[in-house]
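The sequence shown: position 18 = 18 (full-length UniProt numbering), numbered continuously.
Glycine included, every Cβ here is placed at the ideal spot set by N, Cα and C.
A quick write-up on the structure given underneath.
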Amino acid sequence: TEGFGLEIPEAMSYGRPVIASVGAGASELIDGDNGFIVPIRNAKYIAEHIDWLKTNREWIPKMGENARRKARNYTWGRIRKRYVQLFSSL
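Structural data, given as structure tokens:
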């Protein structure tokens, strides 16, 4: 598996709150203001967070905008720039 998957920042870039399992960089991206992290293979927690979003629809636009804003930090251009800075410092 990937150490840092692209699925989460890609989903966040669409301006939607994300529900993701622990791992693949989820804790670096998701902070409760832009989505939720749930235990791996725990359908109960996934369902609870889906229900929360259904019940609290007024939070979806703000959480979605927070997700989009966070995803902007993970564009290929920014990642490339970080690698260049890292390698230049060696």
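Per DSSP, Phe87 has no beta bridge partner at all. Cβ atoms of Glu58 and Gly15 stay farther apart than 8 Å, at about 15 Å.
With respect to the 8 Å criterion, Leu6 and Lys70 are not classified as neighbours on the basis of their beta carbons. The beta-carbon distance between Pro9 and Val22, rounded to whole angstroms, is 16 Å. This is too long to meet the 8 Å contact definition. If you ignore the 5 residues before and after Arg68, its C-beta comes within less than 7 Å of the C-beta of Met12, Ser13 and Gly15, all in its own chain and listed in chain order. Per the DSSP secondary-structure output, Gly35 pairs in a beta bridge with Val18. For Ile30, there is no enclosing alpha helix (DSSP H), as DSSP gives it neither H nor E. Membership of Gly64 in the alpha helix (DSSP H) is indicated by the continuous run Ile60 to Ala71.
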